[in-house]
Structure formats: structure tokens, C-alpha cells
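So the sequence shown is numbered by the UniProt record's numbering: it starts at 1 and just counts up by one.
Using N, Cα and C, we set each Cβ at its ideal position, and we do this for glycine too.
For clarity, every value in this text was computed on a predicted model and none was experimentally measured.
Here the structure comes first, spelled out in C-alpha cells, and everything after it is commentary.
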Amino acid sequence: MNSYLLTQNIEQINHQESLNILESGNILFFPEYFFSSVDPSLMSESILHGTHKNVSYDYKRNKLGAFKKNVPDLDKKLEQFMRGYAEFAHKLIQTALPSYLPHLQWGRTSFRPAQISGRATSRRKDDTRLHVDSFSASPVNGLRILRVFCNINPQQEPRVWNLGEPFAQVLQRFAPQISSYSKLTARILKLVKTTKTLRSPYDHYMLHLHDTMKRDDHYQAQVKKIQINFPSQSTWIVFTDHVSHAALSGQYLLEQTFYLPVDKMANPEFSPFNEWKKFRPELRYLTSH
1 MNSYLLTQNI EQINHQESLN ILESGNILFF PEYFFSSVDP SLMSESILHG
51 THKNVSYDYK RNKLGAFKKN VPDLDKKLEQ FMRGYAEFAH KLIQTALPSY
101 LPHLQWGRTS FRPAQISGRA TSRRKDDTRL HVDSFSASPV NGLRILRVFC
151 NINPQQEPRV WNLGEPFAQV LQRFAPQISS YSKLTARILK LVKTTKTLRS
201 PYDHYMLHLH DTMKRDDHYQ AQVKKIQINF PSQSTWIVFT DHVSHAALSG
251 QYLLEQTFYL PVDKMANPEF SPFNEWKKFR PELRYLTSH
């Protein structure tokens with residue numbers, strides 16, 4: 001499609017090339033490889049509870065969230081569906097990026113049956129605006145955020161993304177604007193349960209980078225973007241903490257999050273944690289988890 005994607009054939013993968021392309025801030029794209037065990041009865045926004053836009057699943061605890069619990073057998077169908085996708089995504093990492101497999105940590109599985117375009121939301125929560133991923137309630141302490149996406153749209157609608165400038169340029173632009181880390185503030189956030197664990201300096205800077213990018217209207221309008229259409233029945237892998245991205249439109253998406261220690265990368269110098277050290281001296285004396 002373009003220089004930001006490495007198109008892969010699942011039967012003929014160059015593992016070293018895949019690592020280098022992925023870790024340098026690009027996307028591994030599998031145009032004809034997808035999760036096919038889809039129950040048609042789940043292809044509806046009506047399965048969502050309240051104002052939620054995603055069904056969540058914790059693979060290790062076998063626990064679902066954000067779905068309508070009063071619909072007969074919906075929990076069983078969703079559990080089978082989302083567990084199946086989690087295992088599909090894990091198998092894909094095993095095939096495409098085998099050196100990662102012993103070090104991966106499970107994150108959440110997500111099913112997104114709602115249309116992303118046209119939502120009324122705040123700028124900070126608006127994923128149609130360019131951003132890099134950071135989790136406000138769940139500090140990662142420098143771990144990489146590796147995500148496997150699969151478009152299963154039954155109407156053949158693509159998932160449309162914009163990609164922004166390289167991470168180093170994002171940092172050059174925004175890092176000087178971000179306030180210094182406060183351990184006292186981090187302790188208060190944990191005490192009042194805003195965060196599940198103590199927010200680290202790295203998480204502070206990444207979360208403020210995420211928010212500052214999204215809130216800057218001039219930046220969102222003027223920065224160079226490249227649009228990518230991920231067709232239905234395709235899968236892609238990306239470090240979303242490194243790649244500036246925005247999801248413009250699309251419906252019925254599966255996503256699996258994994259976490260990877262920086263020192264288990266082939267090229268740790270490409271990690272956001274190590275990039276941040278150039279701008280925040282206090283990070284030079286810390287190690288990622």
C-alpha cells in the first residue's frame with residue numbers, strides 16, 4: 001500500500017525484516033489473513049452495555065465486560081468469540097515475531113462493534129485525532145504496547161486510519177510543553193484510585209503526550225498525514241505507543257493488546273522509553289519494567 005506498511009504473506013515471513021520494520025515505527029500488514037470464527041449474531045452494536053463502545057475481555061481471568069448481561073447466551077458466545085481471537089492473535093505473534101513470544105504479557109482483548117466516525121466525545125477521548133497510545137488508569141512502566149488488529153466487517157467496510165509524523169518528530173514538537181513528573185501527584189492518583197498502580201515518570205510523559213497531541217487543533221489540522229484503508233478480512237500489527245495514528249472510520253474491529261519489555265526488543269534504542277531519555281534527563285537513570 002505505502003512505505004509505512006510491510007505487507008506480509010503468512011507462509012513466507014522474513015522474521016528479521018519484520019522486527020526491524022515494526023520496531024522502527026511501521027506496521028506489519030496481512031491482507032488475506034484474518035480471524036474467521038465469527039458468530040453473525042454478534043455483529044451488532046446492540047450487544048454493548050449502556051454508553052460503552054467496546055466489549056472487553058481479560059484472557060487470563062476469562063472475564064468479559066461492557067456487554068448486555070440480560071441477553072440469553074450472549075456471555076457464552078462472546079467468551080468463545082473473544083477467547084478465540086486472543087489465541088489467534090497470540091498465534092500470529094508466534095508465527096511472525098517468534099523472538100517476542102517468551103516475553104509477551106497479556107493485555108486486554110477488545111471487540112469494537114460501534115462505528116467510530118461521528119461520535120460525540122471530548123478531544124482527549126477522540127481517537128479520530130492523531131495520538132500515540134498511553135493508558136491513564138493502567139501504568140505500563142515503559143513496557144511496549146503491541147497490538148494486533150483485525151477488521152471483520154461483514155459489509156466489507158475498511159477500517160480507515162491516518163498516520164502522522166515519526167515519533168521523534170512528535171517528541172521534538174511536544175516534549176518541551178509537558179510539565180515535569182511529580183511523585184506526590186502520582187501517589188495521590190493511586191490513593192484516590194484514578195490509577196491502579198503508581199504512575200511512573202514514563203507513564204506521566206506518555207499520557208501527557210497523548211493528551212497534548214489530541215488537544216492541539218492546529219497540529220491536528222496542519223500536520224502531514226497519510227491515510228490507510230485496512231480492508232475487511234485483513235490483520236495488522238503495530239506498536240501503538242510509537243506510531244502516531246488516528247482511526248477515522250470503520251466498524252466491527254477486533255484488537256488484542258500485548259506488553260513487551262524494552263530489553264526484549266531487537267532494537268531497544270527505538271523504544272519510546274529510550275527516545276524520551278533525550279528530552280527528560282531523569283529517565284536516564286531509570287529502567288523500564
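A distance below 6 Å between beta-carbons, with the five flanking residues on each side excluded, links Lys-214 to the following residues of its chain, in chain order: Arg-123, Arg-124, Arg-129 and His-131.
Assignment of Ser-44 by DSSP, reduced to helix, strand and coil, places it in the coil class. For Phe-167, same chain residues with a beta-carbon under 8 Å away, outside a window of 5 residues either side, are Gly-25, Val-132, His-242, Val-243, Ser-244, Pro-272 and Glu-275 in chain order. Its Cα nearest to that of Phe-30, the residue Ser-18 stands out among Ser-136, Leu-260 and Ser-18.
Residue nearest to Val-71 within the set Leu-48, Lys-91 and Glu-87 is Leu-48 (criterion: CA-CA distance). Fewer than three pairs of CB atoms, one per stretch, sit closer than 8 Å, so the region 60–71 makes no contact with the region 95–103. Given a length threshold of 4 residues, each whole run of the alpha helix (DSSP H) inside the region 153–188 is given here in chain order: 167–174. Looking at the DSSP output, Ala-247 sits in a beta bridge with Trp-161. Under the three-state reduction of DSSP output, Glu-11 falls in the coil class, being neither helix nor strand. The residue from Thr-185, Gln-251 and Gln-12 with its alpha-carbon nearest to that of Glu-157 is Gln-251. Within 10 angstroms of the beta-carbon of Val-192 lie fewer than 16 other beta-carbons, which makes it exposed. DSSP places Glu-32 in the coil class of the three-state scheme, outside both helix and strand. If only uninterrupted beta strand (DSSP E) runs of at least 3 residues are considered, those enclosed by the region 210–237 are 226–230. Collapsing the DSSP output to three states places Asp-58 in a strand. Inter-residue distance for Pro-268 and Gln-172 is about 20 Å (C-alpha atoms, whole angstroms). Per DSSP, the beta-bridge partners of Thr-257 are Arg-147. By the criterion of a C-beta distance shorter than 6 Å, Asp-203 is surrounded in its chain by Pro-139, once the five residues flanking it on both sides are discounted.
In summary, Pro-281 is exposed, with fewer than 16 beta-carbon neighbours lying within 10 Å of its beta-carbon over all protein chains present. Residue nearest to Gln-12 within the set Thr-197, Ser-44 and Leu-92 is Leu-92 (criterion: CA-CA distance). Residue range 74–96 is occupied by the alpha helix (DSSP H) that includes Leu-78. With contact defined as three or more Cβ pairs closer than 8 Å, the region 28–43 and the region 224–239 are in contact. DSSP, reduced to helix, strand and coil, places Ile-116 outside both helices and strands of the structure shown, so it counts as coil.
Buried is the label assigned to Leu-283, since at least 16 other Cβ atoms lie within 10 Å of its Cβ.
By the neighbour-count criterion, in which a residue is buried when 16 or more other Cβ atoms sit within 10 angstroms of its Cβ, His-210 is buried.
Contact between Leu-253 and Phe-88 is absent: CB atoms are separated by about 14 Å, not below the 8 Å threshold. Each residue's CA atom was taken as its position, placing Leu-198 and Ser-44 some 37 Å apart.
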